[in-house]
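Trainee: Here it is, the structure in full.
In the working numbering, the protein residues as written are 1 to 293.
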């Protein structure tokens, strides 16, 4: 595992700040950065100093594996939520919280996800309460690839079926239910994609969280929810509200035009995710890419 670097670039400064923030908030055993995305944002305004009215700032996204100490009594879910809240002024943070026993069991079983973290993660903090075990071999690679294929087939079919349900409700002009079904379609597509592409099985119902995981772990994917324009950002936010607001908030409304745009976007995501996962599985079977990276 790679130790935290000490160079003074903005990324390392932010990692250092996040490390301090979290070690002050919780009893930690280990904190590991497993992926990051550095974004350069160019903003223009008539009211900013300088002749061009242009300023540059960095917006970073990070994903961490957080292993609580045995002393920590806070639930994993609360640690996850609290971590993402207290770090939001520093960067966009997504955290996976697992006990050392869970991680070590996964390593012994040959988990490709946790083995990759063990080998390449950036260790920001280590209380050394309990050490990682050496990664094991686990089941044969062929059996595990077959297992991923079955997992993808199940989740891909679910995403297709949810999209079909969305079209049904859209035709009936039950737009809020259509948005809920589209939310479920993307949620299942992303959950399946994470399992196939990284080996991580997420049980989260939060599409916002899954989007962050996809954006940081698979940043160059063609199925990432685009936010390049104000319109794309608005439609993405509508979709993200599809799990709760669409069902329970009376003032939540979606037009027929918006539904059609969302249907097209979600169909594209499902198709691109399937293409990427099928290609990844094919390359795994042919030995063109390693199962454990």
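The C-beta atom is built at its ideal place from N, Cα and C for all residues, glycine as well.
Buried or exposed, going by whether 16 or more other CB atoms sit within 10 Å of the CB of residue 135?
Mentor: buried
Trainee: Tell me whether residue 234 is buried or exposed, calling it buried when 16 or more other Cβ atoms sit within 10 Å of its Cβ.
Mentor: exposed
Trainee: Following the continuous alpha helix (DSSP H) through residue 125, name the residue where it begins and the one where it ends.
Mentor: Careful: residue 125 lies outside any alpha helix (DSSP H), inside the beta strand (DSSP E) at 122-126.
Trainee: What's the C-alpha gap between residue 29 and residue 193?
Mentor: 29 Å
Trainee: By DSSP, does residue 64 sit in helix, in strand, or in coil?
Mentor: strand
Trainee: Decide if residue 237 is buried, meaning its Cβ has at least 16 other Cβ atoms within 10 Å, or exposed.
Mentor: exposed
Trainee: Find out if the Cβ-Cβ distance for the pair residue 36, residue 73 is shorter than 9 Å.
Mentor: no
Trainee: Under 7 Å Cβ to Cβ from residue 118, same chain only, skipping five residues before and after it: list those, please.
Mentor: 1, 107, 132 and 135
Trainee: Please report how far the alpha carbon of residue 155 lies from the alpha carbon of residue 217, in whole angstroms.
Mentor: Residue 155 and residue 217: Cα-Cα distance of roughly 19 Å.
Trainee: Evaluate residue 176 with the Cβ neighbour count: other Cβ atoms within 10 Å of its Cβ, from every protein chain shown; 16 or more gives buried, anything less gives exposed.
Mentor: The residue is buried, with at least 16 neighbouring Cβ atoms inside 10 Å.
Trainee: What residues in its chain sit with their C-beta under 8 Å from that of residue 294, if we drop five residues either side in the sequence?
Mentor: Summary: the structure shown does not reach residue 294, with the chain confined to residues 1 through 293, and so no result is reported for it.
Trainee: Please report how far the alpha carbon of residue 56 lies from the alpha carbon of residue 124, in whole angstroms.
Mentor: Low local confidence applies: a pLDDT of 45 at residue 56 is under 50, so the model's placement there is unreliable, with the coordinate-based value given in what follows. Cα to Cα, the separation comes out at about 28 Å.
Trainee: Measuring straight from C-alpha to C-alpha, what distance separates residue 114 and residue 66?
Mentor: 12 Å
Trainee: Classify residue 35 as helix, strand or coil using the three-state DSSP reduction.
Mentor: strand
Trainee: Tell me which residue opens and which closes the alpha helix (DSSP H) that residue 207 is part of.
Mentor: 207-217
Trainee: Whole beta strand (DSSP E) runs in the region 86-140 with 3 or more residues, listed along the chain?
Mentor: 92-97 and 122-126
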